[in-house]
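Asker: Here it is, the structure, as structure tokens.
In the UniProt record's numbering, the protein residues as written are 1 to 157.
Dropping the structure here:
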């Protein structure tokens with residue numbers, strides 16, 4: 001009986017210590033990432049970046065946009081102040097699009113939202129899907145799509 005109690009106590013202590021170590025390491029990773037983003041934002045705010053060098057000028061119609069889609073718990077452009085989920089990639093090129101899709105929505109909902117983000121219009125999740133998942137059939141309205149000419153001849157990357 002006492003042996004079982006000791007084994008259980010040691011298992012609980014091991015679980016607690018392991019959880020504490022993992023949470024500390026996760027907090028360390030998160031805080032260093034946030035500190036890096038904050039320092040970059042503050043640096044860009046104080047010292048406006050000056051691009052020096054030759055920049056090849058091409059028509060924006062020649063190059064397709066690059067669409068960066070965040071993952072679970074991610075966020076798009078304009079969230080969390082000046083912090084960038086993609087380390088400022090959207091600030092380096094006008095062709096980079098960063099949609100703000102739901103952080104915890106299904107892949108289906110995110111795909112539908114991304115389509116309307118690019119083409120424009122009101123997000124329609126479909127009546128059957130919205131009833132099955134228990135949410136509204138219609139979502140955000142994009143008055144103007146960010147890449148309405150997207151089709152077979154005008155791809156995205």
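For each residue, glycine too, the CB sits at the ideal point set by N, CA and C.
In this text the structure is predicted, and so the values were computed from the model without any measurement.
For my contact list, residue 88 and residue 101 are in at a C-beta cut-off of 8 Å; report their separation, rounded to the angstrom.
Answerer: That belief does not hold up - the Cβ atoms of residue 88 and residue 101 are roughly 19 Å apart, past 8 Å.
Asker: Can you give me the start and stop residues for the alpha helix (DSSP H) that residue 117 sits inside?
Answerer: 107-119
Asker: Identify the residues that DSSP records as bridge partners of residue 122: which are they?
Answerer: 141
Asker: What does the alpha-carbon distance come out to for the pair residue 24 and residue 144?
Answerer: If you draw a straight line from the Cα of residue 24 to the Cα of residue 144, it comes to about 44 Å.
Asker: Taking the C-alpha atoms as reference points, what is the distance between residue 202 and residue 107?
Answerer: Limits of the chain in this structure are 1 at one end and 157 at the other, which puts residue 202 out of reach.
Asker: So, for residue 245: in the same chain, excluding its five sequence neighbours on each side, which residues have a beta-carbon less than 8 Å away from its beta-carbon?
Answerer: As shown, the chain starts at 1 and ends at 157. That puts residue 245 outside it, with no answer to give.
Asker: With DSSP collapsed to three states, give me the class of residue 68.
Answerer: coil
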